[in-house]
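Student:
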Amino acid sequence: MEQESIAVSIAGKRYILTEQEDPDHIRLISDLTDRRIRETRLANPLLDREEAAVSAALSIADELVKANSEILRLRKQRGKPSEASGKA
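For the sequence shown, counting from 1, position 48 maps to 47 in numbering that gives the first Met the number 0; every step adds exactly one.
#1: Just how far apart, CA to CA, sit ARG48 and LEU73?
#2: Say whether the segment 5-15 touches the segment 32-43, bearing in mind that this needs 3 or more beta-carbon pairs closer than 8 Å, one atom from each stretch.
#3: Classify ALA87 as buried or exposed, calling it buried when 16 or more other Cβ atoms lie within 10 Å of its own Cβ.
#4: Assign THR17 to one of two classes, buried (16 or more other C-beta atoms within 10 Å of its C-beta) or exposed (fewer than that).
#5: Here's the rule I'm using: 16 or more other beta-carbon atoms within 10 Å means buried, otherwise exposed. How should ALA52 be labelled?
#6: Could you pull the start and end residues of the beta strand (DSSP E) that LYS12 belongs to?
#7: The beta strand (DSSP E) that contains GLU3, what's its start and end?
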């Protein structure tokens, strides 16, 4: 896939992104990022744009780490035979 330039707006600032990802995917993650920053600023009106962006990024990173941990837990659980299937 060739690189494509995509214009997005995050926290009121316009960015031109050059990505190899699907443009719809880039818009989706840009919209998610923008929404999380706006929600953070609504909850904490004293935060400036940078502080809100860092707070939103930490929140998204926390969700990612928790989701990855849950995936690993489920994979390990799936790999172990259940008590019911181990009985004859």
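Ideal Cβ positions, reconstructed from N, Cα and C, are used throughout, including at glycine.
Tutor: Walking through what the data contain:
#1: If you take the alpha carbons of ARG48 and LEU73, they lie about 37 Å apart.
#2: Segments in contact, yes.
#3: Annotation note: pLDDT 45 at ALA87 (below 50); position unreliable, no value reported.
#4: Around the beta carbon of THR17, a 10 Å sphere encloses fewer than 16 other beta carbons of the protein chains shown; the residue is thus reported as exposed.
#5: Buried is the call here.
#6: That run of the beta strand (DSSP E) goes 12-18.
#7: Per DSSP, the unbroken beta strand (DSSP E) holding GLU3 starts and ends at 3-9.
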